[in-house]
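K.L.:
All residue numbers for the sequence shown refer to full-length UniProt numbering, where the first residue is 1 and numbers rise by one. Supplied in structure tokens, the structure appears directly below.
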Amino acid sequence: MVPFREASPSTAPIIVESSSSDEPMAPVPEPRITAPQMQLEEIRFKEDTPDNSLFSFAVALSDDEEVASCQVTLSSIPDDVRAKLTSIRSLLQEDIGRLVEDASPIRQLFGDVSGRVPEEAEEALAPAAYIESMRIPVFRALRHMADRAKLAKTREEEDTYKRQAQEVHQRIHFLEDSRPGIVGTIDRLKRRRAELAKEMEQVTKAVNAEEKRLQELPSVIADLKQERQHLAHEALKLHCNMPEVPGSANDD
Numbered sequence: 001m002v003p004f005r006e007a008s009p010s011t012a013p014i015i016v017e018s019s020s021s022d023e024p025m026a027p028v029p030e031p032r033i034t035a036p037q038m039q040l041e042e043i044r045f046k047e048d049t050p051d052n053s054l055f056s057f058a059v060a061l062s063d064d065e066e067v068a069s070c071q072v073t074l075s076s077i078p079d080d081v082r083a084k085l086t087s088i089r090s091l092l093q094e095d096i097g098r099l100v101e102d103a104s105p106i107r108q109l110f111g112d113v114s115g116r117v118p119e120e121a122e123e124a125l126a127p128a129a130y131i132e133s134m135r136i137p138v139f140r141a142l143r144h145m146a147d148r149a150k151l152a153k154t155r156e157e158e159d160t161y162k163r164q165a166q167e168v169h170q171r172i173h174f175l176e177d178s179r180p181g182i183v184g185t186i187d188r189l190k191r192r193r194a195e196l197a198k199e200m201e202q203v204t205k206a207v208n209a210e211e212k213r214l215q216e217l218p219s220v221i222a223d224l225k226q227e228r229q230h231l232a233h234e235a236l237k238l239h240c241n242m243p244e245v246p247g248s249a250n251d252d
């Protein structure tokens, strides 16, 4: 993203120069350079140093004291010229990528105010009127901005992957540390399973015994009924063969 510093009504020249910092700039959807206000403007491009593989360009307003002597007093300019200067300023606030392709609207306004503004102001306006000559440096700057935005996005993605990898790494350590606890739980459950198996064996034997008793119950009952019948028959037989004795035991 291109940083700007707001100018006063009679501004200094516009300087577009490379940044020596390799710090990634914030990503922007569409890199654009917007030319600032157009009072006494000068556009200058400068490449980064050769040993820097990441290029950046910044738009800044010069604070050179020499500019103070070139300031234009707006009150001395006719209203129609001032209106055209305002129009030029508005055009310069558009996408500079379009301006370097076609600056004819600015050039037409420049022709209208040419000779009607102080020489210093006209000299400062001239580069903007023929800004197409800066097409290559401007597009190089735009390309560098896009590269920096892409680099910033790539670094963000890299940080995201690193963070996720660290989270997975911590998860792995957590699982590795939980191994002894899991082994202990398995051993405890195996002992409990053995105890339950032994208890189940005893219960199974008890169930089988009861089922056997239930299965034998009808025959046992039948045998007992026969025994009962036999005993009753013997008792009746004895009763029938029992002789009668006169008198009673008391009489004897």
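Even glycine gets a Cβ: it sits at the ideal position worked out from N, Cα and C.
Taking C-beta to C-beta, are L99 and L92 nearer than 9 Å?
P.N.:
yes
K.L.:
What is the residue span of the alpha helix (DSSP H) that S104 lies within?
P.N.:
104-113
K.L.:
Measuring only the C-alpha atoms, how far is V117 from G97?
P.N.:
28 Å
K.L.:
Could you give the residue range of the alpha helix (DSSP H) that holds residue 293?
P.N.:
Residue 293 lies beyond the stretch modelled for the chain, which goes from 1 to 252, so this question has no answer here.
K.L.:
Please tell me whether I172 and I131 are closer than 9 Å, where the distance is taken between their beta carbons.
P.N.:
no
K.L.:
Thinking D102 and K84 are a contact (beta carbons under 8 Å), I'd like their distance in whole angstroms, please.
P.N.:
That belief does not hold up - the Cβ atoms of D102 and K84 are roughly 18 Å apart, past 8 Å.
K.L.:
Counting along the chain, where does the alpha helix (DSSP H) carrying P78 start and finish?
P.N.:
Unbroken run through P78: none, as it is neither H nor E.
K.L.:
Tell whether a beta-carbon distance below 9 Å holds between E122 and S114.
P.N.:
Yes, the pair counts as a contact, with Cβ atoms nearer than the cut-off.
K.L.:
Would you kindly work out how many angstroms separate the C-alpha atoms of K153 and Y161, rounded to a whole number?
P.N.:
12 Å
K.L.:
In angstroms, rounded to a whole number, what distance separates the CA positions of T185 and E195?
P.N.:
15 Å
K.L.:
Just to confirm before moving on: does the CB-CB distance between I77 and A128 stay below 9 Å?
P.N.:
no
K.L.:
Around the Cβ of L125, are there at least 16 other Cβ atoms within 10 angstroms (buried) or fewer (exposed)?
P.N.:
buried
K.L.:
Does the beta-carbon of L238 have 16 or more other beta-carbons within 10 angstroms, so that it is buried, or is it exposed?
P.N.:
exposed
K.L.:
Residue range of the alpha helix (DSSP H) that E244 falls in?
P.N.:
Taken as a continuous stretch (DSSP letters only), E244 belongs to no alpha helix (DSSP H), as it is neither H nor E.
K.L.:
When every heavy atom of the ligand NAD is checked, does at least one fall within less than 8 Å of the C-beta of Y161?
P.N.:
Summarising the ligand content, the structure contains no ligands, and the ligand NAD is consequently not present.
K.L.:
Might you give, ordered along the chain, the residues of its own chain that have their beta carbon closer than 6 Å to the beta carbon of L231, omitting 5 neighbours on each side?
P.N.:
none
K.L.:
Reducing DSSP to helix, strand and coil, say where Y130 ends up.
P.N.:
If DSSP states are grouped into helix, strand and coil, Y130 belongs with coil.
K.L.:
Could you have a look at P137 and say whether DSSP puts it in helix, strand or coil?
P.N.:
helix
K.L.:
Leaving out five residues before and five after S234 in sequence, what residues of the same chain have Cβ atoms less than 8 Å from its Cβ?
P.N.:
Note on identity: in this sequence residue 234 is Glu, with Ser being the wrong assignment. Same-chain partners within the cutoff: there are none.
K.L.:
So is M200 buried or exposed if we call it buried at 16+ other beta carbons inside 10 Å?
P.N.:
exposed
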